[in-house]
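Chains as they are written, first to last, in this note's numbering: chain A, 524 to 851; chain B, 524 to 851; chain C, 524 to 851; chain D, 524 to 851.
Yeah, the Cβ is synthetic: ideal placement off N, Cα and C, and Gly gets one too.
Please read these numbers as outputs of a predicted model, since none were measured by experiment.
All remarks here apply to the structure that follows.
There are 4 protein chains.
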Amino acid sequence: MLNIGLLGCGRIGVVHAGSIARIEGARVAAVSDAVPAAADALAAKTGAQVLDSAALIASPEVDAVVIGTPTDTHYDLIHAAAKAGKAIFCEKPIDMSADRIRDCIEAVEAAGVPFMTAFNRRFDPNFAHLQACLAAGDIGDAEIITILSRDPSPPPVSYITSSGGIFRDMMIHDLDMARFLLGEEPTTVFAVGSALVDPEIGVAGDADTAAVTLTTVSGRICQISNSRRATYGYDQRIEVHGSGGMLRAANVQEHTIETANARGFATAPAKHFFLERYEAAYLAEMQHFVTAVRDGTVLAPGITDGLRAQMLADAASQSWETGQPVKL
Amino acid sequence: MLNIGLLGCGRIGVVHAGSIARIEGARVAAVSDAVPAAADALAAKTGAQVLDSAALIASPEVDAVVIGTPTDTHYDLIHAAAKAGKAIFCEKPIDMSADRIRDCIEAVEAAGVPFMTAFNRRFDPNFAHLQACLAAGDIGDAEIITILSRDPSPPPVSYITSSGGIFRDMMIHDLDMARFLLGEEPTTVFAVGSALVDPEIGVAGDADTAAVTLTTVSGRICQISNSRRATYGYDQRIEVHGSGGMLRAANVQEHTIETANARGFATAPAKHFFLERYEAAYLAEMQHFVTAVRDGTVLAPGITDGLRAQMLADAASQSWETGQPVKL
Amino acid sequence: MLNIGLLGCGRIGVVHAGSIARIEGARVAAVSDAVPAAADALAAKTGAQVLDSAALIASPEVDAVVIGTPTDTHYDLIHAAAKAGKAIFCEKPIDMSADRIRDCIEAVEAAGVPFMTAFNRRFDPNFAHLQACLAAGDIGDAEIITILSRDPSPPPVSYITSSGGIFRDMMIHDLDMARFLLGEEPTTVFAVGSALVDPEIGVAGDADTAAVTLTTVSGRICQISNSRRATYGYDQRIEVHGSGGMLRAANVQEHTIETANARGFATAPAKHFFLERYEAAYLAEMQHFVTAVRDGTVLAPGITDGLRAQMLADAASQSWETGQPVKL
Amino acid sequence: MLNIGLLGCGRIGVVHAGSIARIEGARVAAVSDAVPAAADALAAKTGAQVLDSAALIASPEVDAVVIGTPTDTHYDLIHAAAKAGKAIFCEKPIDMSADRIRDCIEAVEAAGVPFMTAFNRRFDPNFAHLQACLAAGDIGDAEIITILSRDPSPPPVSYITSSGGIFRDMMIHDLDMARFLLGEEPTTVFAVGSALVDPEIGVAGDADTAAVTLTTVSGRICQISNSRRATYGYDQRIEVHGSGGMLRAANVQEHTIETANARGFATAPAKHFFLERYEAAYLAEMQHFVTAVRDGTVLAPGITDGLRAQMLADAASQSWETGQPVKL
């Protein structure tokens, strides 16, 4: 039985607790949250102990921690958990600063603890299947990757200002997906961006509509586009054009019903809410964590993947600000 | 050069003239119509002579005739053309009476002239491809065939009363398609029907909504359904479930554009008008006629196919009227 | 908290226990099974008591029973549970004999206990959405319903002989779906059937390929086809053609990935296994049971729906055996 | 009757002659080609006179010319036809040099003759419908445009070396489409490219895999990607993400048949050959030319559109060569 301590009982903490309940060989042993009511509620549902974060990390009854607290607390929690010898599952981004992530890597490597960066989309069954087909050589070598990612609606401007910007907050998922699929590290990054959805986002110094082009050493190309608005749901599509064919991941729609009338044929919007859209991915990523920690096998994506995605997001931000491509 | 005489310059005659203009090695040599203006117009466009039907059939400058006149004139024209030794392309139905079709068969066989019954849907590139895949064994043996066929809107009741009823006027196309795909002759027919679209059609003694079940000697099953109404266009679909898989022909839509918004994803209606929907089929059937007559190869569907479809339509009508299955 | 006693801990019992675990306000309080190990295993997972069926039904700690035992035991369990005043959730078919179901109805009505017949497909989110659109008038009145239902592969012949035949064992789901969607009771039933998948099924006196046509008093038509074989997965499709349009439920595929190569574009098979295909339906039907019992609202489908579906299956069997349509 | 002189009787000349034959109010009056046999063949089919290019342009029996000769001859033919007062339909590119196109504009404007640049894709019924929906405000303002364009297979390297490179030879169509849809002129161009399909193309100094990002003054973004290889046919897709929704143009497949088996569901490749894929577009562009010349209405795309597309292709080439974005 893997005894897991949940650091953070907010929205994502509740999701992880629900996943753990559906996984054999794991349980929520302890929970902590800066808001006592949140911790109490989750404890009531799971039967876990409520502890403060230091006690949770120190507890001999906790084998592994799931970090779902605000980003600026990750650094200290990772260091503490590593020192305590716990396996670590950490929400993205690990930190807003690549240098501070490098510190975390040092701490984790020194302690020799397992670490997983929670890029949940890699575990979406559709995207995971696409990657498996690609890795199996079904379409030969990847040549052009197209990632289209649009949120149903923008966050409040107050969130934007502390988010690190669209490249670090939103596109980071797509940048990780690009790395997952390209099979090579990107060597150049070029970004453009505009505030078309909400002018206030532009005033706040950020973009809400953005596009990035990545290239790799062997000449593979990846185009990503993001928008903070999509009237038709949470738009999440990927396609890989390869030497021998193409792989495409379509959207996941709310239902399979088609309605026909004089206007033609209509189907459902894409699932709107990310927790619903990626429900299976959240379950699968936790399953991977539990299995790999139990069996001592490799955790992927690891802490270095968290750093690399952050470096790409930093480079994209810089390219957008300067109007010039950035080399890595 | 195959010199073709067009008997009938109405809507379907114009379509056939247009097809002949696109086919190498054939031309419209002569035209006739009970309405002189119709014949004159088509002559002006094609450069053909205007003749009365007897003169057209007798003309040594005519190698083949295309019969596109009202159904009740087919019998005499077929007999005359056969006697004159012309190749014959005849619109469906050959005649409303199976016995009179048998007379035509006798005349055609006695004369030894090529004869083609114009079941255009067999030549639709999609349906033709489906049949070719089936014949090639792509899904093993056919087991269940489902044919869904719906007109955009009902004809006037005045037409209904002289049409022979929905089974002979509309479903006959689907009954021929069933024969084309089943690979065996149907041995039982069971029909149901209602007047749901227009009560006047029911008063006139016909149905506007109908369904038929066919079975064959080896136990294959075919279900057909018809409606005289479809708000979303001319609905023409076929699927064949076989021992090794399934083949499906989807509708042909007006365009490929998909529009997404808060209601979801929308595509175009099915093409509404049968002349537009089956444009490629009309061209292909005439190409087949011209090529087969020129090369002396087999014409299919032939005159017996016209008889068999009519017998199935008669049986379906009888089943509907009696409420009992009919054996063939 | 609704305390549920599970009668039967086989495959379907385990599914229901899993559903109950995900539903707030309900728990598995007791379990029973003729095979002690099955009951023990489920008890270990849920924390329920193991009792024999009589004790379970008698237990004051049980508010409601879920009957997932072999069909021939339903009759006695329903009578006992009704007498004990328990709410009853019963797997389909209630019984192989319509007369014995009528006895059960009497017992349930005399006791005044809530009763739900577990036609799970009504709770599939896609089919439920289709029915809701239809009920909301999105396509006007239903005119032609087409239900296509194919199992991935046939059961062993040994199962067939005790199954009541394809109409009672397999098509009963589609017959219930037809009632769910037609909005009127069927008044005539015509059935055909063949043994095309496995000749041994024919030798055993059953069909493995079958089709039924239903009509209603106002002239609505429903065509159903079944096969015990589908190489491409568990094929479950419905379409309703109405006066104002059409509603269609497509298959649920294993994933959303499309692969393109020189052969064209390929997508995943339909989900193969019924427990996986209808996972959401099993959860939703149990949620409905728990909610309706708790709130005292109407349970649907009820016990009469179980009887009506069985009567349709009986009529279809009779039609197939006699070759004649059957009136209801 | 518009009397058209065809300059060039190669593959595209034959296409245009076929289109003219299907258009009322127009005919091929004269043809010319450097290869006499080509001119003679087309004359035999159309009944046109064979003339040399100077005589054709001078002929009082010619109202309009269609220029389908090699690109390096366009400049002189345009000047001569303009001087002779003929309406001009010219294949793309008008010329490889933007400056020489400017000379042509001067000549055309001085002569006041109608001029159409043959960007056929604007006339594809699907793309034209997409543009009409966009112009009608169906999805609000365009924000992100994605154009995916892949040829089935690369041309021989010998062609590459005289083609002007992938941006001028292939992507120019997509750059024109971007202008057609963006509603604003692009102000920055950034290009990347690689030789992944055929290393010889790289040795020849060109790319066979390329991507461009365009931005406009108001911040709209367009991403284009090209490959000289697509195993699944001629891949031609467009999508426009707007403030109110999305419009997408799917590929045109060879047929509508879907085959299902244990591997899943398979549909046809995209139409392979550009003449077949854009058959309707070639007809529609000629129809537009004939109608606009006859009615004296505006021809679009005009000669300036030819220049602007060339300037974008030049900028993309420069960006690719320098690795820097180019401002316009």
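| Item | Value |
| --- | --- |
| Run of the beta strand (DSSP E) containing residue 764 of chain A, from where it starts to where it stops | 758-765 |
| Beta-carbon neighbours of residue 614 of chain A, restricted to chain D and to distances below 9 Å | Simply none; closest approach about 28 Å. |
| Sheet register partners of residue 662 of chain A (DSSP bridge) | Its beta-bridge partners do not exist; DSSP assigns none. |
| Reference residue 580 of chain C, options C:565, C:556, C:569 and C:593, closest by Cα | C:556 |
| Cutoff 8 Å: residue 734 of chain A Cβ touching any chain F Cβ | In summary, chain F is missing from the structure at hand, where the protein chains are A, B, C and D. |
| Cβ separation of residue 670 of chain D and residue 745 of chain D, assumed to be a contact under 8 Å, to the nearest whole Å | 7 Å |
| Cβ-Cβ distance between residue 791 of chain B and residue 768 of chain D below 8 Å | no |
| From D:566, D:568, D:594 and D:605, residue whose alpha carbon lies closest to that of residue 577 of chain D | D:605 |
| Residue 686 of chain B (DSSP reduced to helix, strand or coil) | coil |
| Cβ neighbours of residue 838 of chain B in the same chain (closer than 7 Å, five flanking residues each side left out) | 712, 849 and 851 |
| Distance, residue 573 of chain C Cα to residue 638 of chain C Cα | 24 Å |
| Through-space distance from residue 766 of chain C to residue 781 of chain C, alpha-carbon basis | 35 Å |
| Pair within 8 Å by beta-carbon distance, residue 720 of chain C and residue 691 of chain C | no |
| Sequence-distant residues of its chain with Cβ nearer than 6 Å to residue 736 of chain C (five each side left out) | 713 and 746 |
| Whole runs of the beta strand (DSSP E) within the segment 536-561 of chain C, excluding any shorter than 3 residues | 549-555 |
| 4-residue-minimum alpha helix (DSSP H) runs that sit fully inside the segment 704-787 of chain B, ordered along the chain | 722-726 |
| Sequence-distant residues of the same chain with beta carbon closer than 8 Å to residue 537 of chain B, five excluded per side | 565 |
| Contact list for residue 769 of chain B against chain C, beta-carbon separation under 7 Å | 755 |
| Between the CA atoms of residue 539 of chain D and residue 550 of chain D - distance to the nearest angstrom | 11 Å |
| Interface partners of residue 715 of chain C on chain B, CB under 8 Å | 711, 713, 736, 738 and 744 |
| Residues that residue 846 of chain A contacts on chain D, provided the C-beta gap is smaller than 7 Å | 848 |
| As assigned by DSSP and simplified to three states, the class of residue 571 of chain C | coil |
| Chain D contact residues for residue 792 of chain C, given Cβ-Cβ distances below 9 Å | 783, 784, 785, 786, 787 and 788 |
| Alpha-carbon spacing of residue 847 of chain A relative to residue 844 of chain D, whole angstroms | 15 Å |
| Residue 850 of chain D, DSSP secondary structure in three states | strand |
| The segment 626-660 of chain A: positions lying closer than 7 Å to chain C by Cβ | 648, 649, 652, 653 and 656 |
| Outcome for residue 796 of chain A when other beta-carbon atoms lying within 10 angstroms are tallied against a minimum of 16 | exposed |
| Closer than 8 Å to chain A by CB, residue 597 of chain D | no |
| 7 Å Cβ cut-off: residues of chain B touching residue 775 of chain D | 779 |
| Contacts of residue 772 of chain D in chain B (Cβ-Cβ under 7 Å) | 779 and 780 |
| Candidates B:770, B:834 and B:789, of which the one nearest residue 891 of chain D by Cα | There is no way to answer for residue 891 of chain D, as the model of chain D reaches only from 524 to 851. |
| Cα-Cα separation, residue 696 of chain C to residue 622 of chain C | 20 Å |
| The segment 822-834 of chain D touching the segment 603-619 of chain D, judged by at least three CB pairs closer than 8 Å | yes |
| Nearest neighbour of residue 665 of chain A, chosen from A:785, A:570, A:741 and A:546 [CA to CA] | A:741 |
| Distance between residue 663 of chain B and residue 675 of chain C (C-alpha atoms, nearest Å) | 16 Å |
| Neighbour flag for residue 719 of chain B against chain C, beta carbons, 8 Å | yes |
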